[in-house]
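Here the numbering used here is used: the first residue of the sequence shown is 5, the next is one more, and so on.
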Amino acid sequence: MAEDVEKLTRKTVENGGVLAMLYFDIHAKSKDAVKELGTGFINSVIQKPGVVFAYGEIEDPVGGEEGKNWSSSISLKVLSKDFLTLGNLCMAHSPFSVEILRPDSINLQLSEAHELLGTMAATTTEYKKYILTKLAKPGEVSSVEETLKRRAMMGKKILEKKKGEE
5 MAEDVEKLTR
15 KTVENGGVLA
25 MLYFDIHAKS
35 KDAVKELGTG
45 FINSVIQKPG
55 VVFAYGEIED
65 PVGGEEGKNW
75 SSSISLKVLS
85 KDFLTLGNLC
95 MAHSPFSVEI
105 LRPDSINLQL
115 SEAHELLGTM
125 AATTTEYKKY
135 ILTKLAKPGE
145 VSSVEETLKR
155 RAMMGKKILE
165 KKKGEE
């Protein structure tokens, strides 16, 4: 079986895939809840589009004294079909550390770089929107929403212009 995994890894990396270790922290009210959340998280990553395989280990939870949360870390080895998939995983789940194991260098097509940067910008915008709407005074929320709508319209115009040039 180890030979099959190595063969799959080698073939995937040769075709633009990336093998990486992602490290996450996890917290919950009970030791069992930490393990259950960790297992559910690993299973959700395995099912993401572009993930060829993933294997995770959950450290034994610590803490929990005096009503405090239990904490643990997850080490997740992920083989993705491409760098974009790995980037999207990192943006969606915010690992505290990432280590690319293979390949030794990453080459991106311009279209992949554009897609990754666009996804990063959209993710950041969603975070900003969430934060601004939570921190804004009731009278300011409509102004924040109007600014975000204008930004979306400008982005739409740029995309339409680009499609017209192609």
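Glycine is no exception: its CB is placed at the ideal position from the N, C-alpha and C atoms.
Among 92, 88, 103, 154, which residue has its Cα nearest to the Cα of residue 21?
Against the sequence shown, residue 21 aligns to sequence position 17. Residue nearest to residue 21 within the set 92, 88, 103, 154 is 88 (criterion: CA-CA distance).
Could you spell out where the beta strand (DSSP E) holding residue 81 opens and where it closes?
In the sequence shown, counting from the first residue as 1, residue 81 sits at position 77. Residues 74–84.
Return the Cβ separation of residue 127 and residue 95 in integer angstroms, given the expectation that the two are a contact with Cβ distance under 8 Å.
Numbered from its first residue, the sequence shown carries residue 127 at position 123. Numbered from its first residue, the sequence shown carries residue 95 at position 91. Contact between residue 127 and residue 95 holds: their C-beta atoms lie close to 5 Å from each other, under 8 Å.
Residue ranges of each alpha helix (DSSP H) run of no fewer than 4 residues wholly in the region 87–147, ordered along the chain?
Whole alpha helix (DSSP H) segments, 4+ residues: 87–97, 114–139.
Assign residue 86 to one of two classes, buried (16 or more other C-beta atoms within 10 Å of its C-beta) or exposed (fewer than that).
Taking the first residue of the sequence shown as 1, we reach residue 86 at position 82. Here residue 86 is buried, its C-beta having at least 16 other C-beta atoms within 10 Å.
Residues in its own chain within less than 6 Å of residue 107 by CB, not counting five upstream and five downstream?
Start at 1 with the first residue of the sequence shown, and residue 107 comes out as number 103. Cβ-Cβ distances below 6 Å link residue 107 to 17 in the same chain, with the five nearest sequence neighbours on each side left out; the list follows chain order.
For the candidate residues 49, 53, 152, whose alpha-carbon lies nearest to that of residue 60?
In the sequence shown, residue 60 corresponds to position 56, counting from 1. Closest option to residue 60, Cα to Cα, is 49.
Coarse secondary structure for residue 5, derived from DSSP in three states
Residue 5 sits at position 1 when you count from the first residue of the sequence shown. Coil at residue 5, not helix or strand.
Coil, strand or helix - residue 36 by DSSP
Along the sequence shown, read from residue 1 onward, the residue named residue 36 stands at position 32. Correct three-state label for residue 36: helix.
Exposure of residue 28, with buried meaning 16 or more beta-carbon neighbours within 10 Å
One-based indexing of the sequence shown puts residue 28 at position 24. Of the other Cβ atoms in all chains shown, 16 or more fall within 10 Å of the Cβ of residue 28; this residue is therefore buried.
Residue environment, residue 9, which counts as buried when at least 16 other CB atoms sit within 10 Å
Position 5 of the sequence shown, counted from the start, is the residue given in the question as residue 9. The residue is exposed, with fewer than 16 neighbouring Cβ atoms inside 10 Å.
Nearest-angstrom Cα distance between residue 47 and residue 169?
By 1-based counting over the sequence shown, the position of residue 47 is 43. By 1-based counting over the sequence shown, the position of residue 169 is 165. Roughly 42 Å between the two C-alpha positions.
Using only CA atoms, which one of 133, 160, 159, 158 lies nearest to residue 147?
For the purposes of this step, residue 147 is taken as the residue at position 143 of the sequence shown. For residue 147, the nearest C-alpha among the options comes from 133.
Whose C-alpha, out of 30, 11, 54, 37, is nearest the C-alpha of residue 99?
Along the sequence shown, one-based indexing puts residue 99 at 95. Nearest in C-alpha terms to residue 99, of all of 30, 11, 54, 37, is 30.
Tell me the DSSP bridge mates of residue 28?
Indexing the sequence shown from 1 puts residue 28 at position 24. Residue 28 is bridged to 78.
For residue 25 and residue 104, the rounded distance between their alpha carbons
What you label residue 104 is simply residue 100 of the sequence shown in a count that begins at 1. What you label residue 25 is simply residue 21 of the sequence shown in a count that begins at 1. Straight-line spacing of the CA atoms in residue 104 and residue 25 works out to 6 Å.
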